[in-house]
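Data first, discussion second: the structure below is written as structure tokens.
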Amino acid sequence: MKAKRCAAGAALACALAASASHASISLSTTRLIFEGKNKETSVTVTNDGGDALIQAWLDPVDEGAHGQLPFAITPPLAKLAAKQQQLLRVLYEGVGMPADRESAFWLNVQEVPQTVHNDNVLQLAVRQRIKVFYRPAGLSADPQKAPGNLQWQLNQDAGKAMLRLSNPSLYHVTVVDAKVHVGSAEEPVIDAKMIAPNSTVAVPVKLPAAGAGAPELRYDVINDFGGRQSYRVTLHGSQPSTPVSAGN
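Read in order, the letters of the sequence shown correspond to residues -23 to -1, 1 to 225 in mature numbering (1 follows the signal peptide of the UniProt record, and there is no 0).
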């Protein structure tokens, strides 16, 4: 009897899964660079499923931020037939954003579930979101050099090792898969973290067991195209250290 109940439960789960609404939309990029010299930027939404209704909107990266972003997205609602594409345009009002550094915000695209009259269909409102980076015109620094200007420090705070990461550049830098290596041992430090321009973050770090040589940090940075570039930096205690490209 118990086996029959398990089999029935598994069959029901499979039926619900088969009836579920799956994500059918995709975006043409994983991040969007809005150059300040241009009036707008855009991203293409592709519908690989059946007829769909999509909704698009913008959000601040900082959830505690107040006020409305001085950007508009058009169209905010759109119907897409099967295999159809839709261009979403992001337009800047021209005022309201800092002119001396890069700013970031979220672009959200959600597939709105269609109304169905079947209790056995599980509907999912699937949302995709990518970061938009607004770069004011006239910034003199090269954004491609920002990752190489990061400064890393290994400090002690109340007996605990802390890794301080400073970004002195005018651009955001996203660090992923950071690990500290000592000899053949390694410890994960950062899964994914975006460091804002002219800011510092501190994260606790567990150093591997003592080995030969100074600790070395290895990590990747996400570039403008959504790809990865590898870096490494030798940590010299409290002395700030800058990274070098790992040749990727």
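Here a beta-carbon is modelled for each residue, glycine too, at the ideal position from N, C-alpha and C.
Being a predicted model, the structure only gives us computed values, none of them experimental.
Around the beta carbon of residue 144, 16 or more other beta carbons sit within 10 angstroms, so the residue counts as buried. Across the structure, residue 68 and residue 50 are spaced so that their CA atoms are roughly 6 Å apart. Nearest in C-alpha terms to residue 112, of all of 222, 2, 10 and 83, is 10. Note on residue 33: 16 or more other CB atoms within 10 angstroms of its CB, so buried under the neighbour-count rule. In the structure shown, the three-state DSSP call for residue 85 is strand. Taking the CA atoms as reference points, residue 213 sits about 37 Å from residue 12. Rounded to whole angstroms, the separation of the alpha carbons of residue 14 and residue 53 is 24 Å. Collapsing the DSSP output to three states places residue 24 in a strand. In the three-state reduction of the DSSP assignment, residue 60 falls in the coil class. Classified as exposed, residue 165 has fewer than 16 neighbouring CB atoms from the shown chains inside 10 Å of its CB.
Taking C-beta atoms as the reference points, residue 25 and residue 1 count as a pair closer than 8 Å. From the listed residues 16, 22 and 17, the smallest Cα separation to residue 6 is found for 22.
Leaving aside the five residues that flank residue 211 on each side, the residues in its chain whose CB is nearer than 7 Å to its CB run, in chain order, 191, 193 and 218. With respect to the C-alpha of residue 28, the residue from 205, 56 and 131 having the closest C-alpha is 56.
In terms of CA proximity to residue 105, 86 leads the group 203, 43, 86 and 72. Counting of Cβ neighbours within 10 angstroms places residue 30 among the exposed residues, the total staying below 16. Cβ atoms of residue 139 and residue 169 stay farther apart than 8 Å, at about 19 Å.
Taking 8 Å as the cut-off, the beta carbon of residue 73 is found no closer than this to the beta carbon of residue 37. Burial is judged here by how many other beta carbons sit within 10 angstroms of a residue's own beta carbon; residue 124 has at least 16 and is buried. Cα atoms of residue 151 and residue 171: separation of roughly 4 Å, rounded to the nearest angstrom.
In the three-state reduction of the DSSP assignment, residue 130 falls in the strand class, which pools E and B. Apart from sequence neighbours up to five positions away, no residue of its chain approaches residue 45 with a beta-carbon distance below 7 Å. Going by DSSP, residue 194 is part of the beta strand (DSSP E) stretching over 193 to 199. Exclusion of the five residues before and after residue 176 leaves 143 and 144 as the residues of its chain whose Cβ lies within less than 8 Å of its Cβ. The three-state secondary structure of residue 183, taken from DSSP, is coil.
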